[in-house]
Amino acid sequence: MHVFDQQFAIADSNSNSVTKSFVPCKVCGDKASGYHYGVTSCEGCKGFFRRSIQKQIEYRCLRDGKCLVIRLNRNRCQYCRFKKCLSAGMSRDCNMSFPIVMPGNPSACCTPRLA
């Protein structure tokens, strides 16, 4: 079981800031859904990495491999996104997925599931 508890201040319209707990994707910074291919990642990056390795796709970057990969533009350059997946530690050898279990969430599943 993997338990994560990171705090991030998120702006709220009703107050100056509200503290919410979530774990960021190591690739794009979006909300991670679990531990996939060896790193905490979102569903989008998990699926992108899975498709990339299953289909053995070779990507090319039009900007010398220096694109910024964040949630808002993660789909713009597949080469840089795949490179960031690898540099974050994603590996085809780590194909187990685990959900993120937040403290105080008894309904969360704690059992590993296959990707």
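If you count by full-length UniProt numbering, then the sequence shown holds residues 1 to 115, one letter each, in order.
Positions of the beta carbon are idealized from the N, C-alpha and C atoms, including for glycine.
- One alpha carbon belongs to Arg63, the other to Gly34, and they sit about 31 Å apart.
- The three-state secondary structure of Lys83, taken from DSSP, is helix.
- The alpha-carbon of Lys66 is positioned some 7 Å away from that of Cys80.
- The beta carbon of Val39 sits closer than 6 Å to the beta carbons of Lys26, Ala88, Gly89 and Met90 from its chain, once the five residues preceding and following it are set aside; these are given in chain order.
- Between the C-alpha atoms of Lys84 and Ser21 there is a straight-line separation of about 24 Å.
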